[in-house]
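Undergrad:
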Amino acid sequence: MSRDAIRNWYLIHKWSSLIPTAFLLMLCVTGLPLIFHDEIDAAMGGDAETALSGSPSAEGGIPLDVMLDRALAERPGEVPLFMAFSQDSPLLTVTTGPTPDAAGEDMTLLFLDRTTGASLGPAPGNAPMDFLLQLHTDMFLGLPGMLFLGAMGISLVIALISGVVLYAPFMRKLPFGTVRKDRSKRLRRLDQHNFLGIVALAWMLVIALTGAINAFADPLTENWRDGEIARMTNAYAGTPALAPADYGSIDQAMSAAQQALPGRSPQFIGFPGGAWSSGHHYAIFFQGDRPVTQHLLTPALVDAATGELTDARTMPVINQALMMSKPLHFGDYGGLPLKLIWAALTLATIWVLWTGVMLWRRRKPGEVERRIEEIRSGAAARASS
Amino acid sequence: MKRSGRRLRTIFAVPAAIGAASLLGLFLGLTGDGLGDLFAWLLVGLAPFTIVAVLLRRSPN
Numbered sequence: 001m002s003r004d005a006i007r008n009w010y011l012i013h014k015w016s017s018l019i020p021t022a023f024l025l026m027l028c029v030t031g032l033p034l035i036f037h038d039e040i041d042a043a044m045g046g047d048a049e050t051a052l053s054g055s056p057s058a059e060g061g062i063p064l065d066v067m068l069d070r071a072l073a074e075r076p077g078e079v080p081l082f083m084a085f086s087q088d089s090p091l092l093t094v095t096t097g098p099t100p101d102a103a104g105e106d107m108t109l110l111f112l113d114r115t116t117g118a119s120l121g122p123a124p125g126n127a128p129m130d131f132l133l134q135l136h137t138d139m140f141l142g143l144p145g146m147l148f149l150g151a152m153g154i155s156l157v158i159a160l161i162s163g164v165v166l167y168a169p170f171m172r173k174l175p176f177g178t179v180r181k182d183r184s185k186r187l188r189r190l191d192q193h194n195f196l197g198i199v200a201l202a203w204m205l206v207i208a209l210t211g212a213i214n215a216f217a218d219p220l221t222e223n224w225r226d227g228e229i230a231r232m233t234n235a236y237a238g239t240p241a242l243a244p245a246d247y248g249s250i251d252q253a254m255s256a257a258q259q260a261l262p263g264r265s266p267q268f269i270g271f272p273g274g275a276w277s278s279g280h281h282y283a284i285f286f287q288g289d290r291p292v293t294q295h296l297l298t299p300a301l302v303d304a305a306t307g308e309l310t311d312a313r314t315m316p317v318i319n320q321a322l323m324m325s326k327p328l329h330f331g332d333y334g335g336l337p338l339k340l341i342w343a344a345l346t347l348a349t350i351w352v353l354w355t356g357v358m359l360w361r362r363r364k365p366g367e368v369e370r371r372i373e374e375i376r377s378g379a380a381a382r383a384s385s
Numbered sequence: 386m387k388r389s390g391r392r393l394r395t396i397f398a399v400p401a402a403i404g405a406a407s408l409l410g411l412f413l414g415l416t417g418d419g420l421g422d423l424f425a426w427l428l429v430g431l432a433p434f435t436i437v438a439v440l441l442r443r444s445p446n
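Residue numbers (our numbering), protein chains in the order written: chain A, 1 to 385; chain B, 386 to 446.
Printed below as a string of structure tokens:
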């Protein structure tokens with residue numbers, strides 16, 4: 001690689017990582033406890049799910065219309081926004097709000113037991129974890145905050161790619177895993193930065209990309225609702241949205257949907273007028289019927305007044321990517337061992353970021369040329385294997 | 386130590402193997418429970434295992 005090429009890649013690497021570093025460190029530090037949110041919630045007594053016994057709420061139990069009435073009795077004057085099912089326990093959640101298009105902060109999440117029909121009250125909050133999640137998602141800035149953090153994630157992808165490009169000339173004369181501890185502190189940091197960076201590369205790329213996709217979740221969902229959903233329901237275009245008082249039976253809607261998509265398990269229902277449906281439909285989201293497709297959701301749109309199926313269609317590729325991005329980013333789909341691996345790799349990422357900052361600090365005139373020479377020579381190589 | 390540079394294949398052989406294992410593990414964990422999770426732990430775990438193994442190793446002789 002020519003000296004000029006190294007210089008260009010070095011500058012790309014420097015700026016694409018320096019700009020997002022502070023935010024990426026914040027994301028790592030807040031993400032670390034969020035990996036274990038299930039365990040932390042359980043330890044703080046907020047895990048309603050494990051206490052319940054009975055068949056999963058996605059499979060059956062007390063009629064959904066009865067469950068919805070019980071939920072709405074807790075929140076007089078409010079309208080239903082979402083109903084979500086568990087694949088493991090009788091836990092059924094209902095989200096309510098003042099209007100069908102209520103904003104997230106005005107919503108209330110209620111827990112119910114679909115086996116006994118008991119209302120378990122509002123979902124137990126966990127203030128510290130909610131704070132961390134909010135900081136991690138949008139830094140309390142709403143959509144602009146989310147999009148900004150998404151851009152930081154894209155910058156990290158550029159930093160990772162340019163880092164790999166620079167890894168090649170640096171390692172030309174060095175065996176894999178070289179960490180020279182007996183020379184300068186700087187060289188040890190440089191070796192650690194390169195080694196941890198290249199080993200955790202694939203994982204960091206996946207986390208950066210899925211994080212960036214998640215950051216664009218709201219516009220992507222909106223785009224899907226205004227495009228695909230509008231096309232699926234164009235017979236209803238121009239008619240005013242259905243009033244909550246005119247919502248028909250959910251059980252009838254569910255059986256119409258399950259006739260169209262037999263053998264599929266429901267994950268959640270988006271009520272009319274919300275972000276996940278049209279103004280006239282129950283949008284019932286079903287999981288795929290094979291393990292490979294279980295995270296890919298297919299919505300069935302059922303007329304909320306008549307209970308008749310309008311259409312069922314898989315989501316566009318970009319929205320399916322969004323569905324897959326959530327578990328892949330959170331790392332909460334493979335049990336505690338996977339979470340521990342997630343935590344270890346997050347610590348490795350923090351170290352890569354930190355050593356990166358330390359390597360950049362204490363600049364002197366002509367520093368860029370010295371860095372290029374460092375990369376070209378593998379910092380004057382000479383390590384044995 | 387004047388030696389012609391190692392070829393890209395040599396430089397990236399181990400990192401590419403670890404990267405491929407990580408991606409395969411992430412996919413297996415996502416698509417299956419039980420055995421899928423077990424393979425996910427082993428394959429994604431290879432990266433942190435390598436880090437710990439190398440950092441705990443004595444200084445190169």
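The C-beta atom is built at its ideal place from N, Cα and C for all residues, glycine as well.
1) Check distances from the C-beta atoms of the stretch 226-239 of chain A to those of chain B and list, in chain order, the residues that come in under 7 Å.
2) For VAL199 of chain A, which residues from the same chain have a beta carbon less than 6 Å from its beta carbon, with the 5 sequence-adjacent residues on both sides left out?
3) Residues in the same chain with beta-carbon distance under 6 Å from MET139 of chain A, minus the five sequence neighbours each way, listed in chain order, please.
4) For HIS280 of chain A, which residues of its own chain have a beta-carbon under 8 Å away from its beta-carbon, when the five flanking residues on both sides are left out?
5) Suppose you measure from the CA of ALA406 of chain B to the CA of LEU431 of chain B; what does that come to, to the nearest Å?
6) How close, in whole Å, do the beta carbons of HIS136 of chain A and VAL352 of chain A come, if the pair is a contact with beta carbons under 8 Å?
7) Starting from TRP203 of chain A, find everything on chain B with Cβ-Cβ shorter than 8 Å and list it in chain order.
8) Hey, THR416 of chain B and PRO56 of chain A: beta-carbon distance below 9 Å or not?
9) Apart from the five residues just before and just after MET83 of chain A, which ones in its own chain have a Cβ nearer than 6 Å to its Cβ?
10) Can you have a look at THR435 of chain B and say buried or exposed, based on whether 16 or more other CB atoms are within 10 angstroms of its CB?
11) Starting from LEU196 of chain A, find everything on chain B with Cβ-Cβ shorter than 8 Å and list it in chain order.
12) For LEU27 of chain A and MET67 of chain A, which I take to be in contact (beta-carbon distance under 8 Å), what is that distance rounded to the nearest angstrom?
13) Looking only at its own chain, which residues have a Cβ that is under 7 Å from the Cβ of HIS37 of chain A, when we skip the five neighbours before and after it?
14) How would you label GLU367 of chain A, buried or exposed, when you count the other beta carbons within 10 angstroms and need 16 or more for buried?
15) Between PRO266 of chain A and PHE85 of chain A, how many whole angstroms is the CB-CB distance? I'm expecting something under 8 Å.
16) Any Cβ of chain B within less than 9 Å of the Cβ of HIS295 of chain A?
17) Identify which residue in A:PRO33, A:HIS13, A:ILE19, A:TRP9 has its Cα closest to the Cα of LEU347 of chain A.
18) Can you tell me whether LYS387 of chain B is buried or exposed? The criterion is at least 16 other CB atoms within 10 Å of its CB, across all chains shown.
TA: Once the coordinates are examined:
1) none
2) none
3) GLY145
4) THR233, TYR236, THR239, ALA241, LEU242, PRO272, ASP303, ALA304, ALA305
5) 7 Å
6) That pair is no contact at about 19 Å.
7) SER407, LEU411, VAL429, ALA432
8) no
9) VAL94, ILE269
10) buried
11) ILE436
12) No, LEU27 of chain A and MET67 of chain A are not in contact; Cβ-Cβ is about 37 Å, not under 8 Å.
13) MET129
14) exposed
15) 5 Å
16) yes
17) A:PRO33
18) Only weak support exists for where LYS387 of chain B lies, its pLDDT of 38 falling under 50; the value from the coordinates is given anyway. It counts as exposed.
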